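Undergrad:
In the working numbering, the protein residues as written are 1176 to 1425.
Below, the structure is given as structure tokens:
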């Protein structure tokens, strides 16, 4: 499936698919900034590559989870009213409005201007508490689907994706995020080795790293991702997005 992607920052991507415009995990606050979450302080180090006022009209938001500021911040929340927001069931309850809660493997059909996208939620594990989902996007007449991992570690449950869908391109939330107060410093997003393993499991021909810069709790960057994919024999599958630049994929 051909589509264009503009990486705005962290997990925020503008996707243009069949004339529809989707925005993932909207975070647009200026940086540097600090966010207190109970005993934890998250620190951003870089702001968005595209200002919120420069976005085109957005048809829907794909929100992996609503309760962490690197996926949804105060400025990003201003984009939610007036359009469908596909997210976790618990997140939809908190957000209200046009938020649609999806359990893993539940599907939502988004029809805009005569084009329909079939969007299926996928499972995820993001620390010891809280819900998270990823997404598979299909379009009629296309043999391949697009997968967006959301903030998750690699678990055996994700192997089911390849049994249900033919994934061409995978947008992977990496960075090996760790927070001592959440899970004793265990991974709460994939590290590079897990990202390579998931790419192999999916059978995807293209893997696009996201969520690996701009926050202090990320512990791996582009160098580790490149090394892990090279070690797995998957270096040719990697495609990098330049923040703020529009690129065709698929």
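All C-beta atoms, glycine included, are put in the ideal place defined by N, C-alpha and C. Computed from a prediction, not measured in an experiment: that's the story for all the values here.
Give, in chain order, every unbroken run of the alpha helix (DSSP H) that is at least 4 residues long and sits entirely within the region 1218 to 1289.
TA: You should have 1249 to 1252, 1264 to 1270.
Undergrad: Classify residue 1337 as helix, strand or coil using the three-state DSSP reduction.
TA: Residue state, collapsed to three classes: helix.
Undergrad: Would you mind stating whether residue 1333 and residue 1373 have Cβ atoms separated by less than 8 Å?
TA: In contact: residue 1333 and residue 1373 (Cβ atoms closer than 8 Å).
Undergrad: Please name the residue, chosen from 1349, 1242, 1185, 1288, that lies closest to residue 1266 on a Cα-to-Cα basis.
TA: Taking only the C-alpha atoms, the option nearest residue 1266 is 1242.
Undergrad: Use the C-beta contact count for residue 1426: other C-beta atoms within 10 angstroms, 16 or more gives buried, fewer gives exposed.
TA: No answer is possible for residue 1426: it lies beyond the span of the chain, which begins at 1176 and ends at 1425.
Undergrad: Pairs of beta-carbons, one from the region 1286 to 1301 and one from the region 1392 to 1399, closer than 8 Å: are there three or more?
TA: Verdict: no, contact absent.
Undergrad: Would residue 1345 be called buried (16 or more neighbouring beta carbons within 10 Å of its own) or exposed?
TA: So residue 1345 ends up on the buried side.
Undergrad: Answer yes or no: do residue 1215 and residue 1238 have a C-beta to C-beta separation smaller than 8 Å?
TA: The answer is no: Cβ separation not under 8 Å.
Undergrad: Which residue wins for smallest C-alpha separation from residue 1194, given the options 1364, 1255, 1218, 1231?
TA: Ranking 1364, 1255, 1218, 1231 by Cα distance to residue 1194 puts 1231 first.
Undergrad: Indicate whether residue 1379 and residue 1343 have their beta-carbon atoms separated by less than 8 Å.
TA: Yes, they are a contact pair.
Undergrad: Have a look at 1415, 1316, 1302, 1324 and flag the residue whose alpha-carbon is nearest the alpha-carbon of residue 1360.
TA: It is 1302 whose Cα lies nearest to the Cα of residue 1360.
Undergrad: Between the Cα of residue 1306 and the Cα atoms of 1256, 1321, 1363, 1271, which residue gives the shortest distance?
TA: If we check each option's Cα against that of residue 1306, 1363 comes out closest.
Undergrad: With distance defined between alpha-carbon atoms, name the residue in 1423, 1191, 1276, 1202 nearest to residue 1183.
TA: Cα-wise, what sits closest to residue 1183 is 1202.
Undergrad: Can you tell me whether residue 1191 is helix, strand or coil according to DSSP?
TA: Residue 1191: strand per DSSP, three-state reduction.
Undergrad: Quick one, which of 1282, 1353, 1212 has its alpha-carbon nearest residue 1170's?
TA: Limits of the chain in this structure are 1176 at one end and 1425 at the other, which puts residue 1170 out of reach.
Undergrad: Below 8 Å between beta carbons: does that hold for residue 1234 and residue 1270?
TA: Contact flag unset, no.
Undergrad: Can you name the start and end residues of the alpha helix (DSSP H) that residue 1404 belongs to?
TA: Start and end: 1397 to 1406.
Undergrad: How close, in whole Å, do the beta carbons of residue 1177 and residue 1423 come, if the pair is a contact with beta carbons under 8 Å?
TA: That belief holds up - the Cβ atoms of residue 1177 and residue 1423 are roughly 6 Å apart, short of 8 Å.
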